[in-house]
Amino acid sequence: MVRRRPVGTWRPTRVVGVLVATIALLAASCESDPDATIGWPFDVVSTGEGWVTVTWFTSADLDGLNLEVGIAVDGQVAAVAPAEQGTVTVDGLTPGATHHVRMVARVAGEPWVWTENGPWHEVVVPDGEVVLDLGAGRNYLGTGNLPFVTTDQQLRGMPGVPTWAAEQAWLSINGPCSSREQGDWLLPVSVGNFTTANPPPSWGSPGWTSPEWRGCTDATDPEITMVDSHDADGYLLSLQVPETFSGDSFTVQVFDAARCGNASSDPVPPNQAGIDIGALGDPFWTRFRVRGPAGSGAPAASPVLAGRTFETAQHCADVGTGNGFQCGDHSWSMRWCDLHTVVDPEPGATYHLQVDTGPVPDGVSSAQHFVNSYGVRVRTGEQFEPCSGDPTDPAVPHSPDCVVVAGAEWLSVHAYFTAALSSFDLTQVDRQWGGATLEAWLYDIAEGTVGLQLLDPLGDPVGFEWEVIDETGGDVAPTGGWQGSVAPGDLLDSRGLTVGNPCGGGNPQPGPGRISSAKFNDRMLVLRTELPDDLVAAYGGASTWRVAYHTCPDSWSLPSDRTTWGAVLVPPSQPPGGSPVMPLVDVPGDPLVVGNAN
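Mapping of the sequence shown onto my numbering: residues 129 to 726, in sequence order.
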């Protein structure tokens, strides 16, 4: 990612006379421009293996002043002349490394000059595909329909988040003994669990029945497939502390951390299905661990700062009991509770919240099926206030102290639909990725819908190529084949066949033992779209991509979807726009100062 700095006042200090005044006027005009945080005088617009493409603009007042600009990378300069709007590519960078890229200037023939407050970027030059964080870049994630709450906002709702910006999706996790086709890509150990001798739970009186069902059936059963996608480490949420962070702590809060039988719609309308699907009386373990900065190691191996394991019977007191409104050992149901406070966090560091099912006691593994849904947010004061790390966010205010919550690699959600067209935040794409290919990885998606679209940061549908992954190399082909393309504004059909179900039943499945016959049930669907060469010019600084579901008009009610999402960027193979390549050269005399520009 690119760590962005405000434009500030760019004033080369060793340029004399009218030139100093002219550049000062340029800086002032940038600061007064309402789009100054979007249209920088200097920007990285594309990054590939060993190169960055840079654009810049200067004032017409500089014409004829014999001024040259340069692009400095780690103390070396690629000279650019004259000082006018342009685009160049700087080559010869180290893939996989973080490079300090800044703009410098000089009067032709004179030494290069710079200031510590000059515009600059830190750019991670890719050495392959880039896995993106998931979400919209705010200090909360997976909060479902909580913005609809109008009372007890701090306890049950999301004060300050407009209802039109409700995420409509809860963070979710299944037990290892659920069948993977229920929508969790990482935690289940098997798929194809549903046979005559091994039926799934079914709805009856007084609730979900078939207690004899076991998701962890012996792997020697030919109807059961043990899956390679299982990862006992579960899911990671990144807690990204900005470099500008000025607070002394932040607190991680979890909504409805345990899987609770009373986690129903009241008092969180209009979610009539409840936050926890089929919340049986059986125990279900969910473990939350806050981990410190990972450094160069794996986040799941970083130090555990605090953790807590929730088991249904121990943490789901009725909300009407005397202790129901306290976050104690027996009352974490349907409320925000403080999980852990990180004191004196490291600015610029990324902490993680790891969510898994923990070590399940012997003899109770059969309870680990279905799903526990929850939400996460971060507060930096006594009360939660929503914020965004994105200055262009239309829903909540940007803050330099905003600790962003994002899905790391995979995001496991339970999406609820509130309209015939419902869309969900997928990922943010930084401005440096012009010309790259965005891949949306969507597992077990879109049951009960007509079709899917991929929406750009302006909310417009884009064209894309699609592919269904043949996981085993011998999967049964899906309805419509393995791949195809969708034009902008069209839908990727998610209904398929309609035998026995107006919203898409009767479709072939990858193998036996699946209970659903939806088109993309237990399938990994990949959507690929090529990004514009200049993302700032295309989207004006907006960066959040979304997935849109079009629901079936002939369905009995609006559906919900238990699914897992991921997003990947494939860097462009060539710089965009045929920009000239500028080699780096050593700077005579002292090297450029490349420290932090504070």
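Ideal Cβ positions, reconstructed from N, Cα and C, are used throughout, including at glycine.
Cut-off 7 angstroms between Cβ atoms - residues of its own chain near residue i, not counting five sequence neighbours on either side
{"i": "A564", "result": "L659, L697, V698, P699, P700"}
{"i": "Q511", "result": "Q282"}
{"i": "R419", "result": "P427, S430, P431, V432, L433, Y479, H480, Q482"}
{"i": "G562", "result": "V173, S174, L659, P660, D661, D662, L663, P704"}
{"i": "E177", "result": "P223, P254, D255, P699"}
{"i": "L554", "result": "L262, A568, W673, R674, V675, W693, A695"}
{"i": "L586", "result": "Y667, A670"}
Residues near residue i by beta carbon distance below 6 angstroms, same chain, minus five either side
{"i": "D219", "result": "W179, V709"}
{"i": "D202", "result": "H227, H228"}
{"i": "A236", "result": "N194, E196"}
{"i": "L625", "result": "T607, G634, N635"}
{"i": "L364", "result": "P427, H480, Q482, A536"}
{"i": "R417", "result": "V432, G435, Q482"}
{"i": "E295", "result": "T271"}
{"i": "Q611", "result": "E595"}
{"i": "T183", "result": "D171, V173, T215"}
Cβ-based burial, residue i [other Cβ within 10 Å; buried from 16]
{"i": "T508", "result": "buried"}
{"i": "P316", "result": "buried"}
{"i": "P339", "result": "Its pLDDT being 42, under 50, P339 is placed unreliably in this model, and the value from its coordinates should be taken loosely. Exposed is the call here."}
{"i": "W460", "result": "buried"}
{"i": "P613", "result": "Pro is not the amino acid found at residue 613; the sequence shown has Ser there. When all chains shown are included, S613 counts as exposed."}
{"i": "G602", "result": "exposed"}
{"i": "D650", "result": "buried"}
{"i": "P711", "result": "exposed"}
{"i": "D662", "result": "buried"}
{"i": "Q381", "result": "buried"}
{"i": "P528", "result": "exposed"}
{"i": "T278", "result": "exposed"}
{"i": "T672", "result": "buried"}
{"i": "A574", "result": "buried"}
{"i": "N425", "result": "The amino acid occupying residue 425 in the given sequence is Gly; Asn does not appear at that position. G425 comes out exposed."}
{"i": "S374", "result": "exposed"}
{"i": "D521", "result": "buried"}
{"i": "P589", "result": "buried"}
{"i": "D618", "result": "exposed"}
{"i": "D384", "result": "buried"}
{"i": "P475", "result": "exposed"}
Sequence-distant residues of the same chain with beta carbon closer than 8 angstroms to residue i, five excluded per side
{"i": "F378", "result": "L367, V369, T469, V470, P473, V506, R507, T508, V531"}
{"i": "S707", "result": "T181, T215, V216, T217"}
{"i": "E513", "result": "P287, G288, R507"}
{"i": "P198", "result": "Per the sequence presented here, residue 198 reads as Gly, with Pro not at that position. Around G198: V205, A206, A207, V208, M231, V232, A233, R234, W240."}
{"i": "Q556", "result": "L260, D261, G263, A264, G265, D518, S671, T672, W673"}
{"i": "D376", "result": "V471, D472"}
{"i": "T372", "result": "P475, P528, D529"}
{"i": "A149", "result": "In this prediction, A149 has a pLDDT of 29, which is less than 50 and means its spatial position is unreliable; nothing more can be read from the coordinates."}
Residue i at chain D interface by Cβ criterion, 9 angstroms
{"i": "G633", "result": "No chain D appears in the structure shown, which is made up of a single protein chain."}
Cβ separation of residue i and residue j, assumed to be a contact under 8 angstroms, to the nearest whole Å
{"i": "T440", "j": "A543", "result": "Actually they are not in contact, since the Cβ atoms of T440 and A543 sit about 23 angstroms apart, beyond 8 angstroms."}
{"i": "H249", "j": "L314", "result": "Not a contact, Cβ separation roughly 34 angstroms."}
{"i": "E431", "j": "A536", "result": "Per the sequence presented here, residue 431 reads as Pro, with Glu not at that position. Not a contact, Cβ separation roughly 17 angstroms."}
{"i": "S307", "j": "S318", "result": "7 angstroms"}
{"i": "Y268", "j": "V533", "result": "6 angstroms"}
{"i": "V251", "j": "G224", "result": "Going by Cβ atoms, the distance from V251 to G224 rounds to 12 angstroms, so no, they are not a contact pair."}
{"i": "F545", "j": "S688", "result": "7 angstroms"}
{"i": "A665", "j": "A293", "result": "Incorrect: roughly 26 angstroms between the Cβ atoms, too far for contact."}
Distance CB(residue i)-CB(residue j) smaller than 9 angstroms
{"i": "A297", "j": "G272", "result": "yes"}
{"i": "A434", "j": "T414", "result": "no"}
{"i": "G694", "j": "W569", "result": "yes"}
{"i": "L583", "j": "A670", "result": "no"}
{"i": "T600", "j": "C680", "result": "no"}
{"i": "R284", "j": "C515", "result": "no"}
{"i": "T291", "j": "P275", "result": "yes"}
{"i": "L539", "j": "L195", "result": "no"}
{"i": "W566", "j": "L620", "result": "Contrary to the premise, residue 566 reads as Leu rather than Trp in this sequence. Contact: no."}
{"i": "D404", "j": "V488", "result": "no"}
{"i": "D312", "j": "D484", "result": "no"}
{"i": "A477", "j": "P421", "result": "yes"}
{"i": "F648", "j": "D572", "result": "yes"}
{"i": "L94", "j": "S550", "result": "In the structure as shown, the chain begins at 129 and stops at 726. Residue 94 is therefore absent and cannot be evaluated."}
{"i": "H728", "j": "A548", "result": "Any property of residue 728 remains undetermined from this structure, which presents the chain solely from 129 to 726."}
Please determine if the region 647-656 and the region 590-601 are in contact, where contact requires at least 3 C-beta pairs separated by less than 8 angstroms.
yes
Does the region 636-643 come close enough to the region 596-607 to have 3 or more Cβ pairs within less than 8 angstroms?
yes
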